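K.L.:
Take a look at this one; I'll ask things after.
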Amino acid sequence: MSATRLLVLGAVRMYGKAHGYQVRRELQTWSADRWAKAQPGSIYHALKKMAAEGLLEVVDTEPGKAGPDRTGYRLTSEGETHYQVLLSQAVVEADPWQPQTELFFAGMSLLPTMPRKQAISALRQRVTTLRAQRSNWHQHLESSEGWGEPPHVFEMYRLWGGQVHTAIEWTEQLIDKLAAGEFVMADDSAAAFGAPPSNHD
Numbered sequence: 001m002s003a004t005r006l007l008v009l010g011a012v013r014m015y016g017k018a019h020g021y022q023v024r025r026e027l028q029t030w031s032a033d034r035w036a037k038a039q040p041g042s043i044y045h046a047l048k049k050m051a052a053e054g055l056l057e058v059v060d061t062e063p064g065k066a067g068p069d070r071t072g073y074r075l076t077s078e079g080e081t082h083y084q085v086l087l088s089q090a091v092v093e094a095d096p097w098q099p100q101t102e103l104f105f106a107g108m109s110l111l112p113t114m115p116r117k118q119a120i121s122a123l124r125q126r127v128t129t130l131r132a133q134r135s136n137w138h139q140h141l142e143s144s145e146g147w148g149e150p151p152h153v154f155e156m157y158r159l160w161g162g163q164v165h166t167a168i169e170w171t172e173q174l175i176d177k178l179a180a181g182e183f184v185m186a187d188d189s190a191a192a193f194g195a196p197p198s199n200h201d
């Protein structure tokens with residue numbers, strides 16, 4: 001599953017209709033090229049690939065002022081479903097060795113496009129997964145002879161354990177904020193971040 005794929009769908013969805021330059025410019029304002037490696041080439045590739053897959057449809061082509069023509073895209077109904085599935089997976093899934101992945105950051109950047117209760121539920125599932133990983137880590141340390149040897153290698157496992165602990169703590173704090181009504185979510189207002197323009201009509 002690609003962070004760029006999710007981000008591109010989210011950006012097109014937010015505009016309602018967008019061409020590659022708009023998507024690239026939008027994601028650059030989020031610094032997604034740094035934390036998700038969403039580079040121009042991968043953005044344009046994702047647009048073309050998802051159009052071929054029926055997740056995006058070509059709606060028009062604008063003449064380029066100083067370059068090639070700009071092709072406009074918008075989500076199909078299949079694209080909307082795919083977006084919702086990818087977003088939920090991005091928030092829920094936790095890599096056992098890298099709790100903060102590019103995909104998770106992509107999901108977090110688009111979190112307000114989820115209804116509040118759904119976002120809380122997804123984050124709670126994430127916490128459950130992280131706690132299970134932390135428990136397995138402790139069991140290995142206590143019962144597996146030679147696990148994490150030689151001693152300097154064990155330091156990597158100690159770092160990983162600390163990252164998982166921090167990820168759990170941070171996620172629980174975010175859940176508390178959402179439960180307390182912080183942030184504007186998809187079911188709070190048509191002006192929620194990332195909402196498609198049709199929601200504003």
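One point on numbering: in the UniProt record's numbering, the residue at position 111 of the sequence shown is 111, and numbering is uninterrupted. Ideal Cβ positions, reconstructed from N, Cα and C, are used throughout, including at glycine. None of the values given here were measured: they were computed from a predicted structure.
(1) L47: which of G20, D33, T81 and T29 sits nearest, CA to CA?
(2) With C-beta atoms as the reference, is L75 less than 7 Å away from R5?
(3) Look up L111 in the DSSP assignment and say whether it is helix, strand or coil.
(4) Is it buried or exposed for L159, if we count other Cβ within 10 angstroms and need 16 for buried?
(5) Note the first and the last residue of the continuous alpha helix (DSSP H) segment covering T171.
(6) So, using beta-carbon positions, are A38 and L55 closer together than 7 Å?
(7) In three-state terms, what does DSSP make of T81?
(8) Looking only at its own chain, which residues have a Cβ that is under 6 Å from the Cβ of residue 204, when we skip the five neighbours before and after it?
(9) From S88 to S77, what distance separates their C-alpha atoms?
P.N.:
Looking at the coordinates:
(1) Taking the sequence shown and counting its residues from 1, one reaches residue 47 at position 47. Ranking G20, D33, T81 and T29 by Cα distance to L47 puts G20 first.
(2) Taking the sequence shown and counting its residues from 1, the one referred to as residue 75 is at position 75. Taking the sequence shown and counting its residues from 1, the one referred to as residue 5 is at position 5. Result no, Cβ atoms of L75 and R5 do not sit closer than 7 Å.
(3) Residue numbering aside, residue 111 sits at position 111 when the sequence shown is read from its first letter. Reduced to three states, the DSSP call for L111 is helix.
(4) Position 159 of the sequence shown, counted from the first residue, corresponds to residue 159. It counts as exposed.
(5) In the sequence shown, the residue the question calls residue 171 occupies position 171. T171: member of the alpha helix (DSSP H) spanning P151 to A179, first to last residue.
(6) What you label residue 38 is simply residue 38 of the sequence shown in a count that begins at 1. What you label residue 55 is simply residue 55 of the sequence shown in a count that begins at 1. The Cβ-Cβ distance between A38 and L55 does not fall below 7 Å.
(7) Reading the sequence shown from its first residue, position 81 is the one you call residue 81. Collapsing the DSSP output to three states places T81 in a helix.
(8) Residue 204 lies beyond the range of the chain shown here (1 to 201); nothing can be said about it.
(9) Along the sequence shown, one-based indexing puts residue 88 at 88. Along the sequence shown, one-based indexing puts residue 77 at 77. Approximately 17 Å, taken between the alpha carbons.
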